[in-house]
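Input: a single structure, listed below in structure tokens.
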Amino acid sequence: MPADRGLNRAPEQGFLALSLEALVIVITFLSARDIRRLASTCRRLRHLTTRAADFELLFAGEWDLMRYYLQRPLYMLPQSLLLQSLKLMDGSTRNQNAAILLSTILLNACNLRHLVLHDCQKLVNIHPPLGRAIARLQRLTSLELDYGGPDTINIFTEMRSRPKHIYYLNDPRHKEGEVDFSPLFKSQAIRDVESLHIYGLNAEHLGPRTANLWELASIMEDWEPIPSVRELVLGASELPKKQIARLFPNLQRLTLEDVTDMFGDTGNHEADWPSLHSLCAEFNDLTTWELRSRVHHLEVETTTGPAKGTMKPKEEMSFVVATVRDTSPTVLSLPNHQLTPKEELLFWEELSASAGGLVGLEVVIREINLPMWRKKCVHQVARLQPAVLKVHILTKIDRLTPRAAINRSAFARSNLFPDLANEFARLIPTLQYLSLGLKWDEEGGEEGGEEGGEEGGEEGCEEGVEEGVEGDAEGDAEGVEDEMDVAHLTWWRVSLTGDGKRMPEVISTHEGESLFEELLFDKSIEPSAIE
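Under the UniProt record's numbering, the first residue of the sequence shown carries the number 1, and numbering increases by one thereafter.
Rendered as structure tokens:
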């Protein structure tokens, strides 16, 4: 036994003989688990690792970054060598000392895997070596540069890492906001990327400013396709759809946020995107891109209240129905569908007449529309034959007051959810899983209130709430505070009883959410496979 203890102490004795510089070099070749294990037995290593070596650092701003390292200047080099994740969430103050310090840290951060820099254009502009320090990093797997510009886009020209995830947002406020994204798409650093998030890419800013549209198209033609990309998020961009389809031939998930086609190319390029699995887009994006490729999951964020575009609500509904019909999704999500009661009934009647065979359906029901939904819309939903139905009830309760917490808690504990579950299970024969939850209306708009009154919306929705509020009014303030941000959500499994009735039974939220996540990403799933 004494010999064993001596062997166990041998590594510690060896480390004690090393200088600080040699000790740091040795530590860089060890895993985080091994370092912590050594630190538990060696006081010198414990001091170095537990107090000085944080593997993940997040700073709210530049002053937080400087304050952290000024308190431990001796350990800045060991800290940098061991650092694996660094996030600076605000660099807007243009502090040159902070930019210099950040550059020094990154030059020594040979094990850095994840880097997030906000306001990076300002930081690189005030201290250009920071851009070169980012480019020299060799082990990055995730890179997020927020509010970039002409200086930061050139980082990709000399970048040594090949990240799997890249997020780049061009700063629209920059006086030189016309950024040419060619260095990014021509860089070898992008060849292995799997998840690409781009904001502020305007094809009109490619190449010389005197170039016409056809010259710009030829510039994009020179960009080689990136077959590794599986997920693409485009925001605040103006791009030709045909070129995007060519650049990402193996794309599976596409998200559009305020994207237009500079060529107005509305042709169907179904053959160009056979791999497309999931499409998430705002309504206005669909009107300009008019994607008609068949997808497994379609998520359409419609306008809130009156249409934001040139279409009237009725025209907008018809366009969404046409998109659903053409893309033939297996799972349909309408997370921001907020129409008046009459418009919503017309929408579901039109949708159920032209689409069907959905495996999963996710909808938002305004609290004011709930009585009409129970009487009429649920019959139209039944024609879509969903096996999984996820419903968010949009309530206008102000979520920032203690009274709101009581109201929300009473709403969830009332008999409304069980009653709805029983009704949906009885009226939708294909239903196997059901989710009901509350969604807070942050804007608290009043559109459609008068029309909802015709259907008796206020009366039907608030009965359960009022009963529960009386019982909860005496709750202590601490309990109220705990419930401020609770997302009330319940999942049911629908099964047949002995007498042939369809009966919902509550299941865990984890089980229900896992099922829905699997439904979103499993393209081969069928209603019969859901158990």
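We put the CB at the ideal spot given by N, CA and C, even for glycine. Computed from a predicted structure; not experimentally measured.
Per-residue DSSP class, three states only, for residue i
i, result
"His127", "coil"
"Asp258", "strand"
"Phe248", "coil"
"Val381", "helix"
"Thr395", "strand"
"Asp285", "helix"
"Asn154", "helix"
"Met220", "helix"
"His165", "strand"
"Val321", "helix"
"Ile368", "helix"
"Glu463", "Residue placement at Glu463 is flagged as unreliable, the pLDDT there being 44, under the threshold of 50; a coordinate-derived value is accordingly withheld."
"Leu57", "strand"
"Pro341", "helix"
"Thr509", "helix"
"Met484", "Below a pLDDT of 50, predicted positions are generally treated as unreliable, and Met484, at 33, falls in that range; no measurement from the model is reported."
"Ile198", "strand"
"Cys110", "coil"
"Glu178", "coil"
"Ala425", "helix"
Cβ shell of residue i (< 6 Å), same chain only, five flanking positions each side left out
i, result
"Leu58", "Lys87"
"Leu239", "Ala203"
"Gly61", "Asp90"
"Glu511", "none"
"Ser237", "Leu201, Val259"
"Gly360", "Val331, Val388, Leu519"
"Val233", "His197, Thr255"
"Pro274", "none"
"Asn95", "Glu62"
Assigned exposure category for residue i - 16 Cβ within 10 Å defines buried
i, result
"Gln243", "buried"
"Asp222", "exposed"
"Gln380", "buried"
"Glu470", "Caution is warranted here: a pLDDT of 42 is assigned to Glu470, below 50, making its placement in the model unreliable, and the coordinate value is therefore given only provisionally. Looking at its Cβ environment, which holds fewer than 16 other Cβ atoms inside 10 Å, Glu470 is exposed."
"Glu344", "buried"
"Glu299", "buried"
"Leu496", "exposed"
"residue 536", "No information on residue 536 is available, as it lies outside the stretch 1 to 531 that the chain covers here."
"Val506", "exposed"
"Arg191", "exposed"
"Lys501", "exposed"
"Pro429", "exposed"
"Leu70", "exposed"
"Gly357", "exposed"
"Leu252", "The residue asked about is misnamed: residue 252 is Gln in this sequence, not Leu. It is buried - the Cβ of Gln252 has at least 16 other Cβ atoms within 10 Å."
"Glu367", "buried"
"Asn415", "exposed"
"Gly498", "exposed"
"Asn284", "buried"
"Arg292", "buried"
"Asn97", "exposed"
"Gln432", "buried"
"Ser171", "According to the sequence as given, residue 171 is Asp; it is not Ser. Buried is the call here."
"Glu215", "exposed"
"Gln121", "buried"
"Ser218", "exposed"
"Glu56", "exposed"
Cutoff 7 Å; reference residue i; Cβ partners in own chain excluding five residues on either side
i, result
"Glu513", "none"
"Ala421", "Leu434, Leu436, Trp492, Pro504"
"Asp485", "With a pLDDT of only 35 at Asp485, under the threshold of 50, the placement of this residue in the model should not be trusted, and no figure is reported."
"Gly456", "A caution first: Gly456 carries a pLDDT of 43, below 50, which makes its placement in the model too unreliable to give a value."
"Arg383", "Ser352, Gly356"
"Glu158", "Ala135"
Rounded distance between the beta-carbons of residue j and residue i, thought under 8 Å
i, j, result
"Glu282", "Asp258", "7 Å"
"Val124", "Thr93", "Incorrect: roughly 15 Å between the Cβ atoms, too far for contact."
"Leu206", "Asp180", "5 Å"
"Thr490", "Phe417", "6 Å"
"Arg230", "Ser195", "7 Å"
"Pro341", "Met372", "5 Å"
"Leu117", "Leu145", "6 Å"
"Pro329", "Val295", "6 Å"
"Tyr147", "Leu169", "6 Å"
"Lys312", "Phe516", "In fact, because the Cβ distance is near 33 Å, the residues do not count as touching under 8 Å."
"Phe319", "Thr288", "Incorrect: roughly 12 Å between the Cβ atoms, too far for contact."
"Ala189", "Arg162", "6 Å"
Contact set for residue i: own chain, Cβ-Cβ below 8 Å, skip 5 residues either direction
i, result
"Ser508", "Trp491"
"Asn154", "Gly131, Pro183"
"Pro335", "Glu299, Glu301, Glu362, Val364, His392"
"Lys164", "Thr141, Ser142, Asp192, Val193, Glu194, Ser195"
Near the ligand SAM: residue i beta-carbon under 7 Å from a heavy atom
i, result
"Tyr433", "Among the components modelled here there is no ligand, and therefore nothing to report on the ligand SAM."
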